[in-house]
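So the sequence shown is residues 2 to 100, counted in the working numbering.
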Amino acid sequence: NIEEINVKDISCFENEQFDVLKFDVDRSILEQYNNFFKTELDHVESQYDYNPHITIAYLNPGLGGFYKNILSNINYPKTVKIKNISYSSPEGDKYYFYK
């Protein structure tokens with residue numbers, strides 16, 4: 002059973018170190034995985050609100066809006082198939098879960 006994520010829009014968020022250009026996605030499937038990881042695996046809360054997305058690029062500060070405008074005019078995929086999911090432990094070990 003291969004699950005798909007519905008891609009909605011291109012957006013960005015900014016902080017002092019970089020801008021993150023990203024695809025906004027349907028929340029349901031990724032929220033289910035996030036809830037599983039939070040209840041079943043050791044973790045450190047790094048965000049207050051879970052915001053599922055697909056990162057396109059980390060950019061120099063101030064460039065996110067520029068590239069968002071350019072890329073919003075292209076025809077990008079509206080669904081993405083999940084092939085694997087990774088989990089990074091608080092100690093830095095990385096584990097992969099394959100579909």
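Note that beta-carbon positions come from the ideal geometry of N, C-alpha and C, so glycine has one too.
One thing to note: Asp-27 has its Cβ no nearer than 8 Å to the Cβ of His-54.
Residue pairing for Leu-22: DSSP places it in a beta bridge opposite Cys-13 and Ala-58. Taking the Cα of Ser-73 as reference, the smallest distance to any Cα among Gly-63, Asn-7 and Cys-13 is reached at Cys-13.
By the 16-neighbour rule on beta-carbons within 10 angstroms, Leu-42 is exposed. The Cβ atoms of Tyr-68 and Leu-31 lie no closer than 8 Å to each other.
Cα atoms of Ser-87 and His-44: separation of roughly 13 Å, rounded to the nearest angstrom. The alpha-carbon of Ser-90 is positioned some 21 Å away from that of Ile-83.
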